[in-house]
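Trainee: Protein chains in written order, with this note's numbering: chain A, 34 to 163; chain B, 2 to 147. Think of the CB as a built atom: it goes at the ideal place given N, C-alpha and C, for glycine as much as any other residue. Please read all numbers here as calculations on a predicted model, not as lab measurements. Structure in structure tokens, see below.
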């Protein structure tokens, strides 16, 4: 593991927030099974209230809002990581059944199940004899 | 050499957060020199109030049973294992960026802490450890006899 891998990557492409916070790219694992794609994103500090999954056309955007990460009444004396929001987008292929996407959040990890769409069956058109 | 020696930071404790940001950036710059960075996972932030320390760290998706925290004198050790989803044969990872596997980190604290009174909380993937200073280790006020 190199040093670069250990640090959070800032998402410089994300739209700037009104709140003055940095936006980071959550790290993701994606794997494929016969029926679905699974996307697992590390977003420490978010819960089901503060995470958002949006699908517009075929762009899937995951974002999370994180409270400032301060410990009340304490002062920071040593720091190795920064706290900020998360945002990342992926382009989905048409194979995904968009209505059946499932999302869960547990201990700062967002888990998405993206089921593959059943192949559109060719419709047979009956021709009536005139 | 560039490990977390928080006493070196203590002189900055009352200063503006920007100084701490600068310190972090400088540490980042030098940390690739000489020592393996793998031992620096997970990254920690250390907070202080009077005679109490709080260590926070981001450990997303862990099972609390898989996190081990121990304190020996003035050294805090955090270790554990994060597991990946078991995938079946024929299934493939298209992308694998998350930190998985074993980790262990020793953090040198600025004073001895009361190991009995250490508390840890794990919420939303963030581990927060509260470490009160050991009473015997508190600075003693010396009375001057006239």
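Measure the alpha-carbon distance for residue 136 of chain B versus residue 80 of chain B and round it to whole angstroms.
Mentor: When rounded, the distance between both Cα atoms is 27 angstroms.
Trainee: Going by DSSP, which residues form a beta bridge with residue 151 of chain A?
Mentor: Partner(s): none; residue 151 of chain A has no beta bridge.
Trainee: With 16 other CB atoms within 10 Å as the buried threshold, where does residue 58 of chain B fall?
Mentor: buried
Trainee: How many angstroms separate the CA atom of residue 41 of chain A from the CA atom of residue 117 of chain A?
Mentor: 10 angstroms
Trainee: Taking 8 angstroms as the cut-off, does the stretch 39–48 of chain B touch the stretch 49–62 of chain A (at least 3 CB pairs, one atom from each stretch)?
Mentor: no
Trainee: Does DSSP put residue 60 of chain B in a helix, a strand or coil?
Mentor: coil
Trainee: Is the stretch 142–152 of chain A in contact with the stretch 69–84 of chain B, if contact means three or more CB pairs nearer than 8 angstroms?
Mentor: No, because fewer than three Cβ pairs between the stretch 142–152 of chain A and the stretch 69–84 of chain B fall closer than 8 angstroms, the two stretches do not touch.
Trainee: Going by CA-CA distance only, name the one from B:61, B:114 and B:89 that's closest to residue 24 of chain A.
Mentor: Examination of residue 24 of chain A is not possible in this model, given that chain A is present from 34 through 163 alone.
Trainee: Counting only runs of 3+ residues fully inside the stretch 78–125 of chain A, write out the beta strand (DSSP E) ranges in chain order.
Mentor: 84–89, 92–97, 108–112 and 118–124
Trainee: Just curious, the beta strand (DSSP E) that residue 121 of chain B is in, first and last residue?
Mentor: 120–124
Trainee: Consult DSSP for residue 157 of chain A and reduce its assignment to one of helix, strand or coil.
Mentor: coil
Trainee: Using the beta-carbon of each residue, which ones in chain A are nearer than 7 angstroms to residue 95 of chain B?
Mentor: 63, 64 and 65
Trainee: Does any residue of chain B have a CB that is nearer than 9 angstroms to the CB of residue 148 of chain A?
Mentor: no
Trainee: Within 9 angstroms (strictly less), CB to CB, does residue 44 of chain B reach chain A?
Mentor: yes
Trainee: My guess is that residue 88 of chain A and residue 122 of chain A are in contact by the Cβ rule of under 8 angstroms, so how many angstroms apart are they, rounded?
Mentor: Contact doesn't hold; Cβ gap of about 10 angstroms is too wide.
Trainee: For residue 139 of chain B, which three-state DSSP category applies?
Mentor: coil
Trainee: Note down, in chain order, each residue of its chain lying with its Cβ closer than 6 angstroms to the Cβ of residue 134 of chain A, except the 5 sequence neighbours on either side.
Mentor: 147
Trainee: If I'm right that residue 138 of chain B touches residue 113 of chain B with Cβ under 8 angstroms, what's the distance once you round it to whole angstroms?
Mentor: 4 angstroms
Trainee: CA-CA distance, residue 66 of chain A and residue 86 of chain B?
Mentor: The alpha-carbon atoms of residue 66 of chain A and residue 86 of chain B are separated by roughly 12 angstroms.
Trainee: Looking only at C-alpha atoms, which of A:106, A:80 and A:107 sits nearest to residue 137 of chain A?
Mentor: Residue nearest to residue 137 of chain A within the set A:106, A:80 and A:107 is A:80 (criterion: CA-CA distance).
Trainee: Going along chain A in order, which residues have a C-beta closer than 8 angstroms to the C-beta of residue 50 of chain B?
Mentor: Under the 8 angstroms cutoff, chain A gives 106, 107 and 108.
Trainee: According to DSSP, is residue 101 of chain B part of a helix, a strand, or is it coil?
Mentor: coil
Trainee: For residue 43 of chain A and residue 76 of chain B, what's the separation of their Cα atoms in angstroms?
Mentor: 31 angstroms
Trainee: Kindly indicate which residue of A:64, A:46 and A:115 has the alpha-carbon position closest to the one of residue 89 of chain B.
Mentor: Measuring from the Cα of residue 89 of chain B, the nearest candidate turns out to be A:64.
Trainee: Taking buried to mean at least 16 other C-beta atoms within 10 Å of its own C-beta, is residue 95 of chain A buried or exposed?
Mentor: buried
Trainee: Which residue wins for smallest C-alpha separation from residue 95 of chain B, given the options A:50, A:45, A:47 and A:69?
Mentor: Residue A:69 holds the alpha-carbon nearest to the alpha-carbon of residue 95 of chain B among A:50, A:45, A:47 and A:69.
Trainee: I'd like to confirm the pairing. Which residues does DSSP put opposite residue 71 of chain B in its beta bridges?
Mentor: According to DSSP, residue 71 of chain B bridges with B:78.
Trainee: How is the beta strand (DSSP E) around residue 54 of chain A delimited, first residue to last?
Mentor: Careful: residue 54 of chain A lies outside any beta strand (DSSP E) and carries neither H nor E.
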